Amino acid sequence: LNTRKHPLGNPPPSEKDWPKEEEENFFLLDPDQKRDEVPQHLRMIDKLVTQVLESAMETIQRREMLKVQPKKCFPTAEFQVTERANCLAVSGKYVFVGLSVGLAAFNTCDFKDVCAWDAAKTEICAIHASDLGNECHVLLAVDEMGLAWLFCFHRASFLLVKTLNEVEDISQRSTCVEVVLSRGGDYAGILLQGNTKAWLEIYQLPKDSWLTEMEKNAGAAEELACSERSSSSFEVGTSLLQELSVSAVQAEVELDAPVLLLTVRPPKPITGTRFKGPLDALKEVDDGSMLGLGYNHLIKDSQWELQEAIFRSTYQEYLEAEDVFLPFFFRYATFHFLLPSRILEGPEMKVQPDIPVGIGVHWDGNHNFCLYLLNRSLKEKADSDLKPDVVWPCAAPIACSAVSSCSRYLALAGEDATITIWDKHLGYPLSVTAILEERFIRSIHFL
1 LNTRKHPLGN PPPSEKDWPK EEEENFFLLD PDQKRDEVPQ HLRMIDKLVT QVLESAMETI
61 QRREMLKVQP KKCFPTAEFQ VTERANCLAV SGKYVFVGLS VGLAAFNTCD FKDVCAWDAA
121 KTEICAIHAS DLGNECHVLL AVDEMGLAWL FCFHRASFLL VKTLNEVEDI SQRSTCVEVV
181 LSRGGDYAGI LLQGNTKAWL EIYQLPKDSW LTEMEKNAGA AEELACSERS SSSFEVGTSL
241 LQELSVSAVQ AEVELDAPVL LLTVRPPKPI TGTRFKGPLD ALKEVDDGSM LGLGYNHLIK
301 DSQWELQEAI FRSTYQEYLE AEDVFLPFFF RYATFHFLLP SRILEGPEMK VQPDIPVGIG
361 VHWDGNHNFC LYLLNRSLKE KADSDLKPDV VWPCAAPIAC SAVSSCSRYL ALAGEDATIT
421 IWDKHLGYPL SVTAILEERF IRSIHFL
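If you read the sequence shown in the UniProt record's numbering, its first letter stands for residue 1, the second for the next number, and so on.
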């Protein structure tokens, strides 16, 4: 007979009875999983590969830590504008900002608003500035309507000199698409576009007369401030009296207008020759005509017509897709002010090393980089068909160009993705670089 010594009860659970993690979700596991376990030699390879990758990542991290980290720059100061800012230019200790309504000037020393101009209630889209010295600056701005505004900034005041392309008849108005100021503010250039033509105007700025006029007005303003200070019976701030006197005098200032030096037009299309032989063409060249533009050639009209017929027969399927053929004309040009060099210096020219003596121009889609001298006679200035003094031909149409700060080196990028660096003083190429095919160079710069 078997008898129980202890009462019947449930034994306490032990760790052996606890379900393992693998067994908790056994009903979710694939029954064939045990058959697909990785063999031992493959597990060893996986472990070695994992160790190699981890060590490689550690090495990469250590090398990244040793590299010089880029320095983070934070703004040291800021200034608030009342309107939307479209563009800005820096000249001397001032920052000029083109706003949605007018202009504003800020001092870089204390970043405070110096003055503003909003007389015309126009939006300024582009602005260029140059320091003339004696706290005087010249500004060239373009508004939303394509008008070019010429300002002179002196002692916290904007003085409007002239609107360069303003005409009485609005239908005859041309649009300014590009403005350039020479270093030092001696010359200004604007590119204008009409309905079917484009041209470039170069102005000489009378900065010497501007500086003289400003000095006279500054002296008159100080005298007026002294007289008002002595005659005033009540106390008024000295700076306030000076500001009021300066603004009162400058309101009556009339500065000399800029002088139009050159009107550069795009090259004319090449037509058939009128010469009967090479001797006639050489005689025309001796009269002062320019080689390189393709004007004095010996190609007849019949040859041009034959070339046009061959072109149309070859690409007939592409030409038929175009329904309307508009006459082509050059719409945009890139131009630079050039300092004296051997190519741009004449035998009797008196030049200064820091004042431009010429301009370099190339029109979009044209092969030639043309150089024009700025010191021309009155007869040549009035000539509508101004011819360049030097022509720099290229194998492909010029896409963009750049001139170094010393104005000695010239970089020309063609539409065939080839960049040529020229020594403008000596007149020979320094290097030729060909970029990969099917690439188009939009801009180049000297560093």
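Every residue, glycine too, gets a C-beta built ideally from N, C-alpha and C.
Keep in mind it's a predicted model, so treat the numbers as computed, not measured.
query	result
Segment limits, beta strand (DSSP E) that includes I419	418 to 423
Assigned exposure category for S48 - 16 Cβ within 10 Å defines buried	The sequence shown places Leu at residue 48, rather than the Ser named in the question. With fewer than 16 Cβ atoms within 10 Å of its Cβ, L48 is classed as exposed.
Reduced DSSP secondary structure (H/G/I, E/B, other) of A56	helix
First and last residue of the uninterrupted beta strand (DSSP E) at K268	Taken as a continuous stretch (DSSP letters only), K268 belongs to no beta strand (DSSP E), as it is neither H nor E.
Sub-8 Å separation of A434 and R331 beta-carbons	no
Rounded distance between the beta-carbons of M65 and C136, thought under 8 Å	Going by Cβ atoms, the distance from C136 to M65 rounds to 53 Å, so no, they are not a contact pair.
Buried versus exposed, by CB contacts within 10 Å (16 or more), F158	buried
Proximity below 8 Å, CB of F440 to CB of A417	yes
Reduced DSSP category for Q307 - H, G, I as helix; E, B as strand; rest coil	helix
Straight-line gap, L373 to L344 (C-alpha atoms, nearest Å)	7 Å
Residue interval of the beta strand (DSSP E) (run including C136)	136 to 143
Span of the beta strand (DSSP E), counted from its first residue to its last, around I398	398 to 403
Range covered by the beta strand (DSSP E) that runs through H154	148 to 154
Same chain, Cβ closer than 6 Å to T122, five either side skipped, listed in chain order	D143
Beta-carbon spacing of L160, A148 below 8 Å	no
Q352 - DSSP class collapsed to helix/strand/coil	coil
L410 versus T263 - alpha carbon distance	23 Å
Nearest candidate by alpha-carbon position, reference I202, set Q193, G194, V180	V180
Contact check, W117 vs P266, beta carbons under 8 Å	no
Cβ-Cβ separation, C400 to I359 (assumed contact under 8 Å), whole Å	Not quite, the Cβ-Cβ distance comes to about 16 Å (not below 8 Å), so this is no contact.
Segment contact, 8 Å Cβ cut-off, at least three pairs: the region 52 to 61 with the region 90 to 100	no
Rounded separation between L386 and R376 - CA only	11 Å
Beta-carbon proximity of L261 to K207, cut-off 8 Å	no
Three-state secondary structure assigned by DSSP to residue 512	Nothing about residue 512 can be reported from this structure: the residues present for the chain run from 1 to 447 only.
DSSP-derived helix/strand/coil call for I124	strand
C-beta contact flag for G185 and V138 at 8 Å	yes
Residue span of the beta strand (DSSP E) that contains P393, given as start and end	390 to 393
Of the residues K112, G102, T108, C109, the one placed nearest I124, counting alpha carbons only	G102
For V81 and P388, the rounded distance between their alpha carbons	45 Å
Which residues DSSP lists as bridging C115, in chain order	A105
Classification of H154 by the beta-carbon crowding that lies within 10 angstroms, buried from 16 upward	buried
Candidates V403, R408, A413, of which the one nearest A396 by Cα	A413
DSSP three-state assignment for T314, whether helix, strand or coil	helix
C-beta contact flag for L200 and G189 at 8 Å	yes
Secondary structure of S91, DSSP reduced to three states	strand
Opposing strand residues paired with G193 [DSSP bridges]	A quick correction: the sequence has Gln, not Gly, at residue 193. For Q193, which the question treats as bridged, DSSP gives the partners T175, A198.
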